[in-house]
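To keep things clear, I will list the structure first and then write my remarks on it.
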Amino acid sequence: MSEKKNGDIMIRLAKAEDGATIASLLHDSFLEYKSLYTEKAFVATTLAISKIQQRIDDRTIWVALLDNVISGTISLLPVDRGLYIKSVAVAPAARGKGLGKALMKHAEHEALKMNLRTLELTTTPFLFEAIKLYDSLGFEPCGFEDLYGTELIKMKKNLRSDAVLLNKDNSVLQ
């Protein structure tokens with residue numbers, strides 16, 4: 002199932018024509034933090050359109066639509082026995098409406114569908130609201146990395162086979 006609806010939020014795989022919108026969304030979402038990144042780290046975080054198109058082609062990038070407008074994005078990359086979460090972003094105007102949580106729950110659902118047992122991500126120490134969300138969803142810090150001179154916090158969540166309850170149509174029970 003490539004589309005999932007949660008109230009006015011719909012999550013689907015990104016389409017080729019979504020690339021420019023996703024690039025703009027990533028840039029706008031992280032712009033207020035630009036001065037806290039090194040220049041190279043900001044460029045790596047906001048992604049070149051070619052990288053976005055590659056993720057679209059690889060079917061690893063998802064979008065969240067709020068009232069039929071792309072307002073969030075997440076990339077999901079299987080690694081070993083886990084799912085690595087990258088490029089989580091919610092448009093500034095759409096924050097506080099549950100998109101980030103819906104995207105993260107979607108990642109967990111996808112991991113369980115693939116029989117994967119962990120979710121992993123990195124974030125920066127200055128993305129306080131994101132860290133609060135990840136903590137509330139059961140992620141725990143497990144180390145540090147460096148992205149072109151910008152510190153990253155590694156976070157991980159171990160999954161159980163019963164971590165997500167499903168409806169009969171295989172959608173996540175809210």
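Every letter in the sequence shown is one number past the one before it in our numbering, and letter 64, counting from 1, is 65.
Note that CB positions come from ideal geometry on N, CA and C, so glycine has one too.
If you're wondering where the values come from, they're calculated on a predicted model, not measured in any experiment.
Considering only their Cβ atoms, is the gap separating LYS158 from ASN120 smaller than 8 Å? Within the sequence shown, numbered from 1, the residue matching residue 120 stands at position 119. Within the sequence shown, numbered from 1, the residue matching residue 158 stands at position 157. The residue you asked about is not Asn; residue 120 is Leu in the sequence shown. Yes, they are a contact pair.
Return the chain-ordered list of same chain residues with a C-beta closer than 7 Å to the C-beta of ILE50, the five sequence neighbours on each side being excluded. Your numbering for residue 50 matches position 49 in the sequence shown. The residues are GLY20, ALA21 and ALA24.
How would you label LEU14, buried or exposed, when you count the other beta carbons within 10 angstroms and need 16 or more for buried? The residue labelled residue 14 in the question sits at position 13 within the sequence shown. By the neighbour-count rule (16 or more Cβ atoms within 10 Å), LEU14 is not buried but exposed.
Buried or exposed: which applies to MET115, given that a residue is buried once 16 or more other Cβ atoms fall within 10 Å of its Cβ? Here residue 115 is taken as the residue at index 114 of the sequence shown, counted from 1. Exposed, by the Cβ-count rule.
Just verifying my parser: in three-state terms, what is the DSSP assignment at ARG13? Taking the first residue of the sequence shown as 1, we reach residue 13 at position 12. Of the three classes helix, strand and coil, the one that applies to ARG13 here is strand, per DSSP.
Roughly how many angstroms lie between the CA atoms of ARG82 and GLU111, to the nearest whole one? Along the sequence shown, read from residue 1 onward, the residue named residue 82 stands at position 81. Along the sequence shown, read from residue 1 onward, the residue named residue 111 stands at position 110. Distance between the alpha carbons of ARG82 and GLU111: 13 Å.
I'd like to know whether the C-beta atoms of TYR34 and LEU148 end up nearer to each other than 8 Å. In the sequence shown, residue 34 corresponds to position 33, counting from 1. In the sequence shown, residue 148 corresponds to position 147, counting from 1. Contact flag unset, no.
Verify whether the separation of the beta carbon atoms of LEU122 and ILE86 is less than 8 Å. For the purposes of this step, residue 122 is identified with residue 121 of the sequence shown, where counting begins at 1. For the purposes of this step, residue 86 is identified with residue 85 of the sequence shown, where counting begins at 1. Yes, the pair counts as a contact, with Cβ atoms nearer than the cut-off.
Cβ-Cβ distance between SER72 and SER88 below 8 Å: Here the question's residue 72 lines up with position 71 in the sequence shown. Here the question's residue 88 lines up with position 87 in the sequence shown. It is not a contact, given that the beta carbons lie outside the stated cut-off.
What residues in its chain sit with their C-beta under 8 Å from that of LEU104, if we drop five residues either side in the sequence? To locate residue 104, count along the sequence shown from 1; it is residue 103. Around LEU104: ILE12, TRP63, ALA65, GLY73, THR74, ILE75, VAL89 and VAL91.
Note the first and the last residue of the continuous beta strand (DSSP E) segment covering TYR85. Walking along the sequence shown from the start, residue 85 turns up at place 84. First-last of the beta strand (DSSP E) with TYR85: 83-91.
Can you check which of these residues, ASP68, ALA94 and ILE53, is closest to THR61 by C-alpha distance? Position 60 of the sequence shown, counting from 1, holds the residue named residue 61. Nearest C-alpha to THR61 among ASP68, ALA94 and ILE53: ILE53.
For ALA94, does the count of other Cβ atoms within 10 angstroms reach 16, so buried, or fall short, so exposed? Counting from one through the sequence shown, the residue named residue 94 turns up at place 93. Classification of ALA94: exposed, given that the 10 Å Cβ count is below 16.
Looking at the secondary structure, which residues open and close the beta strand (DSSP E) in which LEU67 lies? Here residue 67 corresponds to residue number 66 of the sequence shown, with the count starting at 1. Residues 62-67.
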